[in-house]
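S.K.: One structure, pasted below without further comment.
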Amino acid sequence: MEPPDEGHAGDDEGALATDLFTCSHSTQRFSRAPHFVVAAEPWPPHVYIHTSPSGTTTVAGPMGQLMQSLANSLNFTFSAVTTDGYWGALTENGTWNGMIGAVMRKEADIGLGPFGMSDIRSKVVDFTIPVFLEMLHVLVSRPVPQPNPWGFLAPFTWYTWVGVGGGLLATVGVSLGVVWVLGRGGPSHFTHHFWAFFSVSITQNLPWKPVGNSLRFTFLMWMMTAVVVVKSYSGSLTSLLAVKRIEVKYDSLRDVLNDPSLTLIMEGSTALTAHLKTVRAGVYLDLARASRERSVMVRASETYQAAYDLIPKGHHAMLVEKVVCRKVYSDHFSKTGGCDFYMSNGNFWRLIYAMVVQKGSPLSSLLSTRIRALNEFGIYGRWELDQMPNVSYCLKTPRTVKLQAPYSLTDLWV
Numbered sequence: 215m216e217p218p219d220e221g222h223a224g225d226d227e228g229a230l231a232t233d234l235f236t237c238s239h240s241t242q243r244f245s246r247a248p249h250f251v252v253a254a255e256p257w258p259p260h261v262y263i264h265t266s267p268s269g270t271t272t273v274a275g276p277m278g279q280l281m282q283s284l285a286n287s288l289n290f291t292f293s294a295v296t297t298d299g300y301w302g303a304l305t306e307n308g309t310w311n312g313m314i315g316a317v318m319r320k321e322a323d324i325g326l327g328p329f330g331m332s333d334i335r336s337k338v339v340d341f342t343i344p345v346f347l348e349m350l351h352v353l354v355s356r357p358v359p360q361p362n363p364w365g366f367l368a369p370f371t372w373y374t375w376v377g378v379g380g381g382l383l384a385t386v387g388v389s390l391g392v393v394w395v396l397g398r399g400g401p402s403h404f405t406h407h408f409w410a411f412f413s414v415s416i417t418q419n420l421p422w423k424p425v426g427n428s429l430r431f432t433f434l435m436w437m438m439t440a441v442v443v444v445k446s447y448s449g450s451l452t453s454l455l456a457v458k459r460i461e462v463k464y465d466s467l468r469d470v471l472n473d474p475s476l477t478l479i480m481e482g483s484t485a486l487t488a489h490l491k492t493v494r495a496g497v498y499l500d501l502a503r504a505s506r507e508r509s510v511m512v513r514a515s516e517t518y519q520a521a522y523d524l525i526p527k528g529h530h531a532m533l534v535e536k537v538v539c540r541k542v543y544s545d546h547f548s549k550t551g552g553c554d555f556y557m558s559n560g561n562f563w564r565l566i567y568a569m570v571v572q573k574g575s576p577l578s579s580l581l582s583t584r585i586r587a588l589n590e591f592g593i594y595g596r597w598e599l600d601q602m603p604n605v606s607y608c609l610k611t612p613r614t615v616k617l618q619a620p621y622s623l624t625d626l627w628v
């Protein structure tokens, strides 16, 4: 068997073109096995980087499996190198950082990524066909029920309480007017009538006995009203105390932007951060301002540690892909058995993710053919799900919980 070529990134592209030309049209494999350098950074669940004691770097995870499948199918070997931890964006001095920069400078033949496809990136590298589609979500700490000493007011809205109070005063006025007009039937002081109707409202005995049909009819009407109000109130209060609905404060990008006390966690040098530098209007302009004033930029390899270290404190929100949120769910449940993170229902910034090669490289079409076949059979999606064995439990966490703990002195205004 003919040994593989031990080439390196930046070799004369004519040699690669010769190998491609001698590929069998039926199998589309290299006649000689070239060696490619692949730029990669850890980004679970897609990419895991392992470095052996000898210094050899290998890639694992779905993208690692994809890369190995491409190597087996096309008959090439590869070695992985890491860069500065970023995906790749145009810096202020006009150079490109991250994996995109390494491929652009021909320090690597292939960028594993996966990278969000954008126009500015397509000018310096070539993309393969998409590996998958994603949208960003907001990842925050899961809200928990909080004791509310004012919860006894919750069964009615404020205007309902005002209506009940107004009805009580109006009925007291009618009762007092009946006594003044007839000159009999009961006390002639406001306080006596007020406490009498208030006693009825809280299902207590009357402090004095009304005399006359007109006054008794007034009391009867208020008693009927009080029965309806009290029964409705007690039933609603019992339900609220027995089952507490958890209020989700941050369920969209706009919710996060509306809270200036919240610190944003974002991945640096991404397609989104590049877009925020040029946006001129809309919600992304607000996000651009927030990213400059109250954000923490992290590398791709630091995303998970930042999520575990910062989000549980309740003062941070991470803007990240859905699959990353699901991976955090799965790993956290595997370690603790709890669901302490919440992924927003609202999403934004839809992106197409792909691998990259050097500009003009014939590798793009060959890689794309294999990637398309894997996607058509759903193989990559299966590899991705294998990285998140416990994700389903936290995805269905209920919004309502049964509270068994009694109120303490600390809960009651202390």
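Heads up: the sequence shown runs through residues 215 to 628, numbered per this note's numbering.
No residue lacks a Cβ here, since even glycine has one placed at the ideal position from N, Cα and C.
These numbers were taken from a predicted model, which means no experiment stands behind them.
1. Contact defined as beta carbons within less than 8 Å: I believe G330 pairs with T484. What is the distance between those atoms, to the nearest angstrom?
2. So, at 8 Å on beta carbons, what are the nonlocal neighbours of G552 in its own chain, with the 5 sequence-adjacent residues on each side left out?
3. Straight-line CA distance for T297 to S515?
4. Skipping 5 residues on each side, what residues in its chain have a beta carbon closer than 6 Å to that of V386?
5. Measuring CA to CA, which of P424, Y518 and I324 is closest to F290?
6. If you check the beta carbons only, do D333 and S575 fall under 8 Å apart?
7. Pop quiz: L347 and R564 are said to be a contact at Cβ under 8 Å. What is the actual Cβ separation, rounded to whole angstroms?
8. For the alpha helix (DSSP H) containing G377, list its first residue and its last residue.
9. Within a Cβ cutoff of 6 Å, which residues of the same chain sit near S355, ignoring the five residues on either side of it in sequence?
10. Would you check if the distance between the CB atom of V512 and the CB atom of G560 is smaller than 8 Å?
11. Given a cut-off of 8 Å, decide if E535 and L326 are closer than it, judged by their beta-carbon atoms.
12. Please report the distance separating the alpha-carbon of T374 from that of G381.
13. Let's test the definition: count the other Cβ atoms within 10 Å of the Cβ of T236 and tell me whether it reaches 16, buried, or not, exposed.
14. Please look up how many angstroms separate the CB atoms of M353 and M557, rounded, as I've assumed it's under 8 Å.
15. Whole angstroms are fine: how far does the CA of A322 sit from the CA of C608?
16. Once you ignore the five residues that flank V425 on each side, which residues in its own chain have a CB closer than 8 Å to its CB?
17. Compare the beta carbon distance of P276 and P256 with 8 Å and say whether it is the shorter of the two.
18. So, is R584 buried or exposed, given that buried needs 16 or more other C-beta atoms within 10 angstroms?
19. Check whether the Cβ atoms of L501 and L490 sit closer than 8 Å, and answer yes or no.
20. Can you give me the C-alpha to C-alpha distance between F555 and P267, rounded to a whole angstrom?
21. Please tell me whether L367 and L588 are closer than 8 Å, where the distance is taken between their beta carbons.
22. In whole angstroms, give me the CA-to-CA distance for A303 and V295.
23. Report the partner residues of G325 according to the DSSP bridge assignment.
24. Whose CA, out of R508, L451 and T487, lies closest to the CA of N472?
25. By how many angstroms is the C-alpha of N419 removed from the C-alpha of S389?
26. The alpha helix (DSSP H) that contains H406, what's its start and end?
27. Cα separation between V441 and S415?
28. In whole angstroms, give me the CA-to-CA distance for G315 and T309.
29. Starting from I479, trace the beta strand (DSSP E) both ways and give me its first and last residue.
M.R.: The short version:
1. A Cβ-Cβ separation of about 6 Å places G330 in contact with T484 under the 8 Å criterion.
2. H546
3. 11 Å
4. H407, F408 and F411
5. I324
6. no
7. 7 Å
8. W372 to L396
9. I525, P526 and G528
10. no
11. no
12. 10 Å
13. Model confidence at T236 stands at a pLDDT of 42, short of 50, so the residue's coordinates are unreliable; what they give is reported in the following sentence. It is exposed - the Cβ of T236 has fewer than 16 other Cβ atoms within 10 Å.
14. Note that residue 353 is Leu in the sequence shown here, rather than Met. The pair is a contact, with the Cβ atoms about 6 Å apart (cut-off 8 Å).
15. 39 Å
16. R398, G399 and G400
17. No, the Cβ-Cβ distance between P276 and P256 is not below 8 Å.
18. R584 should be labelled buried.
19. Going by C-beta atoms, L501 is nearer than 8 Å to L490.
20. Those two C-alpha atoms are separated by around 35 Å.
21. Cβ distance not < 8 Å, so L367 and L588 don't count as in contact.
22. Their Cα atoms are separated by approximately 18 Å.
23. A253 and V570
24. R508
25. 17 Å
26. F404 to S415
27. 8 Å
28. 8 Å
29. T477 to E481
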